[in-house]
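Okay, structure first, notes after.
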């Protein structure tokens, strides 16, 4: 009986071991996990009436609040086709469909219209091509004075090769930016300096007497036969009688001897000379501009053998010196442009207009500049034509009204020269001196005025000539 029990126990244990081995080979484990994740879906919307860029901010605000992994973008399609792509959780997509369906409708918005679903500004991209200034300078003024850091996502850039300004900003800012750029994009004023040199000269010359050297070597050589026979009075008397033969001693009618030694001449004259020069300068606080004037004047000179000739005047000026030289430094024009603004708080807004060609020339203003003026004039001329030169230099600063002539410099010279050439002592006796010397009196008054008239360069286009019309010309 005990053996039977042991056998049964043995069989039971062996069967249990076999079953355990079988179960170990076919055992399957199932793991079920649910972390509440959102299943993402994507969709492409083809818009008919609105811009895809206008809806992107609103769609992003919707889907990212539900799930931060959501996104909304635009696709650049052909023929300006507006495509909007959205990736968001499956549960959120019906709300996006409803929003796009309500937003993409033909609604003409003029300002803020009541009951409109959308009254936002949207995003725009624009480009401006400067006409007169550097794009880099304009964008610096724009950002520092108006835009600042700009709204979130706003971008302003400049391309130096094309001189263009690009930006991406709210559509409400774009018209203002265009207006602001068109106002500050204007050329630097250019000033035209019209310089006029007026010279008023009054001169008189009086030459009376006998040129002793010419008389002694000419007719005076034989009057008393001093060169051949100092004691032949008859021959001397005959020569003297022949010398005084003819009406009034032959001095006013054809004499029988050379009377060129007699000096009796008087000249008077007035001269008014005007010269004009034009100098164009740019509005600058660092530049300098120069203009000089060296006219070729004539001068009468006398050689060693008393032969006169007309030659070009040679003032023998030092190097770098001119007869008239003007340097203008740092010209700055102040245009009285626009209308004054009413005081605060009556008027807080102001209006601006874009620049048009020729605008500067129709407004008054002032111009400020420093100048250096050099001049060289003939002070005196000797009997042989040698010139004594007087040079001067004047430097100053001046503020002038535009379109008005102003005297910038003035020189006045007045000279009276008396020259006596003849026999010593005898040439100092009144009246008798004219028989033994030549007295030359020269009086000259000279006034020189330099005027300047500054005006703004008119950059407007020249008017067209009339065609098809006949005009009569009178002689």
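In my numbering, the protein residues as written are 173 to 647. Positions of the beta carbon are idealized from the N, C-alpha and C atoms, including for glycine.
With H, G and I counted as helix, E and B as strand and the rest as coil, what does DSSP make of residue i?
i: residue 468; result: coil
i: residue 267; result: helix
i: residue 629; result: coil
i: residue 351; result: helix
i: residue 201; result: coil
i: residue 346; result: helix
i: residue 546; result: strand
i: residue 217; result: strand
i: residue 501; result: strand
i: residue 238; result: helix
i: residue 312; result: helix
i: residue 307; result: helix
i: residue 119; result: The question about residue 119 has no answer, for the chain in this structure spans 173 to 647.
i: residue 360; result: coil
i: residue 273; result: helix
i: residue 317; result: helix
i: residue 509; result: coil
i: residue 456; result: coil
i: residue 383; result: coil
i: residue 462; result: strand
i: residue 398; result: Confidence at residue 398 is low in this model, with a pLDDT of 45, below 50, so its placement is unreliable and the value that follows should be read with caution. If DSSP states are grouped into helix, strand and coil, residue 398 belongs with coil.
Is there a Cβ from chain D that is less than 8 angstroms from the Cβ of residue i?
i: residue 366; result: Checking the listed chains, one finds no chain D in this structure; it contains a single protein chain.
To which residues does DSSP link residue i through a beta bridge?
i: residue 261; result: 212
i: residue 337; result: 300 and 330
i: residue 531; result: DSSP output for residue 531 lists no bridge partner at all.
i: residue 623; result: 368 and 579
i: residue 231; result: Paired residues: none, contrary to the question.
i: residue 248; result: 254
i: residue 450; result: 366
i: residue 479; result: Residue 479 is not bridged to any residue.
i: residue 224; result: None, per the DSSP bridge assignment.
i: residue 487; result: Its beta-bridge partners do not exist; DSSP assigns none.
i: residue 541; result: 570
i: residue 373; result: 443 and 618
i: residue 565; result: 546
What's the C-alpha gap between residue i and residue j?
i: residue 443; j: residue 453; result: 33 angstroms
i: residue 288; j: residue 253; result: Because residue 288 sits at a pLDDT of 48, beneath the cut-off of 50, its placement in the model cannot be relied upon, and the point is left open.
i: residue 331; j: residue 257; result: 31 angstroms
i: residue 139; j: residue 479; result: In the structure as shown, the chain starts at 173 and stops at 647, and residue 139 therefore has no counterpart that could be examined.
i: residue 613; j: residue 508; result: 56 angstroms
i: residue 361; j: residue 450; result: 16 angstroms
i: residue 148; j: residue 436; result: Outside the modelled stretch of the chain, which goes from 173 to 647, sits residue 148, for which no answer is possible.
i: residue 497; j: residue 590; result: 33 angstroms
i: residue 239; j: residue 266; result: 15 angstroms
i: residue 548; j: residue 457; result: 29 angstroms
i: residue 618; j: residue 546; result: 17 angstroms
i: residue 204; j: residue 342; result: 50 angstroms
i: residue 300; j: residue 316; result: 18 angstroms
i: residue 295; j: residue 219; result: 16 angstroms
i: residue 631; j: residue 505; result: 16 angstroms
i: residue 470; j: residue 535; result: 45 angstroms
i: residue 503; j: residue 333; result: 31 angstroms
i: residue 567; j: residue 379; result: 41 angstroms
i: residue 262; j: residue 216; result: 14 angstroms
i: residue 374; j: residue 439; result: 11 angstroms
i: residue 229; j: residue 350; result: 24 angstroms
i: residue 527; j: residue 246; result: 38 angstroms
i: residue 559; j: residue 487; result: 7 angstroms
i: residue 272; j: residue 236; result: 16 angstroms
i: residue 383; j: residue 611; result: 9 angstroms
i: residue 586; j: residue 445; result: 17 angstroms
i: residue 416; j: residue 550; result: Because residue 416 carries a pLDDT of 45, less than 50, the predicted location of this residue cannot be relied on, and the following value inherits that uncertainty. Near 43 angstroms, if we compare the C-alpha coordinates of residue 550 and residue 416.
i: residue 627; j: residue 531; result: 13 angstroms
i: residue 615; j: residue 441; result: 11 angstroms
i: residue 255; j: residue 277; result: 15 angstroms
i: residue 344; j: residue 311; result: 18 angstroms
i: residue 495; j: residue 465; result: 6 angstroms
Any heavy atom of the ligand FMN closer than 7 angstroms to the Cβ of residue i?
i: residue 265; result: With respect to the ligand FMN, the structure offers nothing, as it holds no ligand at all.
Query raised in the report: What alpha helix (DSSP H) runs, 4 residues minimum, are completely inside the segment 568–616?
Result: 605–608
Query raised in the report: Hey, is the segment 294–306 in contact with the segment 349–361, meaning 3+ C-beta pairs nearer than 8 angstroms?
Result: yes
Query - the segment 573–590 / the segment 609–623 touching (three or more Cβ pairs under 8 angstroms) - result: yes
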